[in-house]
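Here's the structure, in structure tokens; my notes come after.
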Amino acid sequence: MSDPGHTIVLEARGLAKSFQLGEASVEVLSCVDISLEESSSLSIQGESGCGKTTLLNLLARLEIGDAGEISWGGRKMMATDSFSSTESILRTRFLGVVYQAYYLIPELNVLENVLMAARLAGGPDQDSTDRARSLLSKMGVGQKEKQVPSKLSGGERQRVAIARALINTPKVLLADEPTGNLDERTGGQVMDLLLNACEEENTGLVLVTHNESFARSADSRVILSEGKTHPG
Amino acid sequence: MKVPWPLYLAWKQLFPSQRKMSFFSLLAIVGVALGVNVMIVVIAFMQGFQNKFRNDIINNQGHARAVPLARYAGWKEIPKLMLDTEGVKAVTPYLHAQLLLQSGNYHSIPFVIGLRPEDGDEVLPIGAFLERGMTRLRADDGEDVTPLPTIDALEDEVVFVSTQAANRLRVRPASVVQVFEGNSSQRNPASSGRVRVARLDPYVETAEWEIQFDGQGSCVARENISGDEFAWEYDKGSLDLGFGYPVFEISKGATPFAAGDRFLFQVFKANKIEIYSPRMIEQAKADEMVPPKEVRIGGIFEMPSQGFQMEALIGTMRFVEDMRGEEGACDGFYLKFSDSVARNEGSLRAKCRELELLLDEDWAIVPWSVENAWFFELLQFEETLMIVIMVPIGLVAAFAIAIALMTTVLRKIREIGLLVAMGGRRVSVGMVFCLQGFVIGTIGALVGCGLAILFIHYRDALMTFIVDLIVGQEGQVGVTQFYDFQSLSIAYPWESPESMSTFLVFALFAIGVSTIAGLLPAWRAARLNPADALRNE
Ligand SMILES: Nc1ncnc2c1ncn2[C@@H]1O[C@H](COP(=O)(O)OP(=O)(O)OP(=O)(O)O)[C@@H](O)[C@H]1O
Ligand SMILES: [Mg+2]
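Chains A and B supply the protein sequences, listed in that same order.
Per our numbering, the very first residue in the first sequence carries number 295; after that it's consecutive.
Per our numbering, the very first residue in the second sequence carries number 1019; after that it's consecutive.
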């Protein structure tokens, strides 16, 4: 490897976001800077309600910011711009997302759920089907590919969600408290799988977590408080 | 070819992987299918009735009628002139009259049509009318074997009357009954030879004919009332004794006629009726002695007439002329055109106009559709009214689909957010719901068309069932007679463009309405802010 650590794959400068609550305006993020090097991981910690999810949404361009700039693999965007469909197309290849509540589609079985992400990117083909199977077995749910989500345990669901997030070989994976709904032991297993998979796939990881030890296992850490990031 | 993902997901939400079908899709599809089915079936049945009425009218008066605008002496050349025009298949002159019929104490004033026996059935299917009007005598030990009369029986002293007139006057044409003797095998025509009555003219006398075989190729026909005997070498042909006698012929069976084989026929002569014309009545008032005209009943006919009871009489033109006391009169012509002209109203009108010009506008040529316009306007009105009533029912189904899909959108808000987060465009996410409406509409329309075809296929059983339900077994006959059909002819979509367009219009209507019903939920889904959608509880 030729020094991958110096390429910045995801970057945000001066992100700000406030929400309108009736008359009052509540500022959640005032000036956030973040940068993620290729294939590295970054954990974000902070008190509940400090704006971690909001930050991830801004980074994923699912929320329009009040100020700031975002760059996806060198492609710069204004956080204040309205959503565009070129962004959508870019997002299928660039970003993977994992949420606390899994969000699997109940009408599809495990394999179809994973391949749904490939469909959004114009697939699936035989390659993506093979890849989905290998990701599922890497996640330890290879036996369950015909199962429907409602028949899976929480830990299994999150493993499927991780496989889905990785199917299009994204550059960055945004994970919002992926173990939040799991017990300590299962959470640990899922977190190990997530970190290992990201490393193997050369995928950068932005991990929002409340768990101190998970946060520490990331390459770098930031803490979000009072609308700003602080080095952890 | 890759299925676009919104269609894939729409399909999967309706038909999830683990189950065959979601309850919602089942209900929605059944709803659409029933709606489409009902709309198609109602309209198809109405078209069936319309076609039946149309055929009845054409059978009663041809494709058009030519009526002289002034008294026209040289009408005899007109048919030739018209027949030389392309597309004109048949031209039959006719005369009308009002006459009083009397038989004993019974009277009737029928609608009288005078036709020429030689070409009178070229436009009007007289043979079919006579067949419909045929009612056979019933007997336990005999069988009415009267041959069907034909227009050839019509002559100046012989008339046909409609069932209604015959019933009122209590008259019958000549008939013949084959009498079976105890334990004879003559009822079984398959194995043994039979004697049949080939012709029974209106002049036959009441008689009892006995035909006895000698087993050597000939037989004796004996008339029991007069005692006359006639030898018949049946191998050489039928027994034709001339006018006033029935004509017998044999049909050979597997086993030849044996000595002692006997066939017995009872012949009943035709009733006679007396006819008065208005002119005769005038003369009677002036104290002149005018004997009524006496004619025989040559047959009983029935015209399809939409349930109206009609007393009618068909005679020769000469008979009517005679009764009216005019010579060389003609009230008009019935016309029949080739199919290409008759198929649509436009070409029919154009052809009629062409003929009018050909005849220097001395004749008005009125197509059947114009003459009966009021009737078809009525039917058209009924059909339109039906559609006006049914379309809102279709819309109600659409509202149900819209509400169900809207509920789905609300239930799936977080999935909608996720699809956007995974890179789905918001328009495409909306499409998922619109396409569900489309898929429901399409499948529902297909199933509905299938059901409609089934209904059309089993229409007779269905009608019988309905009539049975309303009036019971006995009422069946009356209803069948009133509507004047045993079996309504309804075209399948592959048989007629009219039927095809009915199917297509309602199928497309269902698909369109269901898709539009999906638009509102789709718009709702596409408008969601993805971040808010993901936060939704
Ligand atoms: N659409 C919105 N309208 C109004 N306020 C909002 C909206 N979205 C988020 N907020 C507010 O912004 C703040 C930050 O929310 P966010 O979900 O980012 O917190 P968080 O750090 O992810 O918290 P947690 O750790 O509990 O998940 C909260 O106070 C929340 O109430
Ligand atoms: Mg959060």
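Think of the CB as a built atom: it goes at the ideal place given N, C-alpha and C, for glycine as much as any other residue.
Quantities reported herein were computed from a predicted structural model and do not represent experimental measurements.
Would you call residue i buried or exposed, if buried means 16 or more other Cβ atoms sit within 10 Å of its Cβ?
i, result
"residue 1172 (chain B)", "buried"
"residue 413 (chain A)", "buried"
"residue 1491 (chain B)", "exposed"
"residue 372 (chain A)", "exposed"
"residue 1545 (chain B)", "exposed"
"residue 1342 (chain B)", "buried"
"residue 1159 (chain B)", "exposed"
"residue 437 (chain A)", "exposed"
"residue 1075 (chain B)", "buried"
"residue 1392 (chain B)", "exposed"
"residue 1098 (chain B)", "exposed"
"residue 1314 (chain B)", "buried"
"residue 445 (chain A)", "exposed"
Are any of the Cβ atoms in chain A nearer than 7 Å to that of residue i?
i, result
"residue 1023 (chain B)", "yes"
"residue 1429 (chain B)", "no"
"residue 1070 (chain B)", "no"
"residue 1031 (chain B)", "yes"
"residue 1432 (chain B)", "yes"
"residue 1386 (chain B)", "no"
Going along the chain, which residues of its own chain have a beta-carbon closer than 8 Å to the beta-carbon of residue i, five neighbours each way excluded?
i, result
"residue 476 (chain A)", "448, 449, 452, 484"
"residue 313 (chain A)", "319, 320, 322"
"residue 1145 (chain B)", "1139, 1166, 1168, 1169"
"residue 301 (chain A)", "331, 332"
"residue 374 (chain A)", "358, 359, 360, 361, 362"
"residue 327 (chain A)", "306, 307, 308, 309, 523"
"residue 1301 (chain B)", "1308"
"residue 1550 (chain B)", "1435"
"residue 1017 (chain B)", "Since the first residue shown for chain B is 1019 and the last is 1555, residue 1017 (chain B) is missing from the structure and cannot be characterised."
Using a Cβ-Cβ cutoff of less than 7 Å, which residues in the same chain neighbour residue i once the five nearest sequence positions on both sides are dropped?
i, result
"residue 1107 (chain B)", "1354, 1355, 1356"
"residue 396 (chain A)", "451, 452, 455"
"residue 295 (chain A)", "At residue 295 (chain A) the pLDDT is 39, less than 50, meaning the model places this residue with poor confidence and gives no usable figure here."
Establish whether the CB of residue i and some CB of chain B are separated by less than 7 Å.
i, result
"residue 379 (chain A)", "yes"
"residue 338 (chain A)", "no"
"residue 397 (chain A)", "yes"
"residue 386 (chain A)", "yes"
"residue 403 (chain A)", "yes"
"residue 451 (chain A)", "no"
"residue 447 (chain A)", "no"
"residue 391 (chain A)", "yes"
"residue 411 (chain A)", "yes"
"residue 312 (chain A)", "no"
"residue 382 (chain A)", "yes"
"residue 460 (chain A)", "no"
"residue 476 (chain A)", "no"
"residue 414 (chain A)", "yes"
In three-state terms, what does DSSP make of residue i?
i, result
"residue 1093 (chain B)", "helix"
"residue 1335 (chain B)", "helix"
"residue 371 (chain A)", "strand"
"residue 1273 (chain B)", "strand"
"residue 497 (chain A)", "coil"
"residue 1086 (chain B)", "strand"
"residue 1254 (chain B)", "helix"
"residue 302 (chain A)", "strand"
"residue 1203 (chain B)", "The predicted position of residue 1203 (chain B) is uncertain, since its pLDDT is 46 and thus under 50; a value taken from the coordinates is nonetheless stated next. Coil."
"residue 1357 (chain B)", "helix"
"residue 1560 (chain B)", "Outside the displayed range of chain B (1019 to 1555) lies residue 1560 (chain B), so it cannot be described from this structure."
"residue 1234 (chain B)", "coil"
"residue 1515 (chain B)", "helix"
Identify, in the order they occur along the chain, each residue of the same chain with its Cβ nearer than 6 Å to the Cβ of residue i, setting aside the five sequence neighbours on each side.
i, result
"residue 1043 (chain B)", "1032"
"residue 1408 (chain B)", "1057"
"residue 1141 (chain B)", "1080, 1108, 1110, 1352, 1354"
"residue 1093 (chain B)", "1348"
Consider the C-beta atom of residue i and the heavy atoms of ligand 3; say whether any pair is separated by less than 6 Å.
i, result
"residue 322 (chain A)", "Ligands in the displayed structure: ligand 1 and ligand 2; ligand 3 is not one of them."
Return the residues of the segment 1434-1453 of chain B that lie within a Cβ-Cβ distance of less than 9 Å from chain A, sorted by chain order.
Answer in chain order: 1435, 1436, 1437, 1438, 1439, 1440, 1441, 1442, 1443, 1444, 1445, 1446.
Taking any Cβ of chain A, which residues in the segment 1540-1551 of chain B have a Cβ under 8 Å from it, in chain order?
Listed in sequence order: 1547, 1548, 1549.
Using a Cβ-Cβ cut-off of less than 7 Å, give me the residues of the segment 1033-1053 of chain B that come near chain A, in sequence order.
1034, 1035, 1036
Can you list, in chain order, the residues of the segment 348-376 of chain A whose Cβ is nearer than 7 Å to any Cβ on chain B?
Along the segment 348-376 of chain A, going in chain order, the ones with a CB nearer than 7 Å to a CB of chain B are 351, 354, 356, 357.
Short of 9 Å Cβ to Cβ, which residues in the segment 480-491 of chain A face chain B?
So nothing in the stretch comes that close.
With 7 Å as the limit, tell me which residues of the segment 422-443 of chain A have their beta carbon closer than that to any beta carbon of chain B; keep them in chain order.
442
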